[in-house]
Each structure stands twice: as C-alpha cells, then as structure tokens.
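Just so we're aligned, residue 0 is where the sequence shown starts under numbering that gives the first Met the number 0, counting upward by one. Written out below as structure tokens is the structure these notes cover.
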Amino acid sequence: MAEGIAKFHGHDAKSAGTHPANNIASNAITVLENMGIDTEGMKPKNLTLFDVSDFDLVISMGCGVECPSVRLDDDWQLEDPVGQSIAVFEETA
Numbered sequence: 000m001a002e003g004i005a006k007f008h009g010h011d012a013k014s015a016g017t018h019p020a021n022n023i024a025s026n027a028i029t030v031l032e033n034m035g036i037d038t039e040g041m042k043p044k045n046l047t048l049f050d051v052s053d054f055d056l057v058i059s060m061g062c063g064v065e066c067p068s069v070r071l072d073d074d075w076q077l078e079d080p081v082g083q084s085i086a087v088f089e090e091t092a
C-alpha cells in the first residue's frame, strides 16, 4: 500500500519487503482502489531488487522485521495488517 499511496500523492516511490508475499492482500487492493489508486501491475517485491543507496529516503513500515543491512532514515513501527479486517487496512493506510 505504501508505494501506491506515495505515488498517489506525487512522490517517486518504491516499496519492497524482506519477506514479500506472492500476492498483494485483497484487503489492501480494496482499500487502495477505494482511495482512487490504480492497482494495476502492483505486486510484492523483495528488497534485494533495489540498491537503497539510490534512494533519498528509506522508511521501514516496522511490522516487527529488522533490517540490519539496510540504511533506515525512519521506522514508522506499523503493525502488519495482513490477515486482519478491512478496517485495519484502512487504519494502516
């Protein structure tokens, strides 16, 4: 959701995880589409696909995952909404 929301607000953003799922959670898709965000082509990506030194800002969503080998500029310490209700996804967004 982070990449879609950031792009919606005009930022050049990438989103990736240390343990990406095979698919984006259906509740995440619903929330993004309800916000007017195009989800076509969105898919989970592994952090190893990117050289984070190319980024101006690196933010961890938290979700209880440590990123010891990655420079972090901030950690928002969000709870992972996967498996939760759509209301939890909306609150996270």
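Where a beta carbon is used, it is the ideal one built from N, C-alpha and C, also for glycine.
Under 8 Å between C-beta atoms of PHE54 and ILE36: Contact flag unset, no.
Integer Cβ distance of LYS44 from PRO80, believed to fall under 8 Å: Not a contact, Cβ separation roughly 18 Å.
Proximity of MET0 and LEU31 at Cβ, strictly below 8 Å: At the C-beta level, MET0 and LEU31 come within 8 Å of one another.
Residues that ILE58 bridges to, as DSSP identifies them: ASP73
ALA27 burial status per 10 Å Cβ neighbour count (16 or more: buried): buried
LYS6 Cβ short of 7 Å to the ligand SAH heavy atom set: What this structure holds is no ligand at all, so the ligand SAH is not there to describe.
CA-to-CA distance, GLY3 to GLU90, given in whole angstroms: 15 Å
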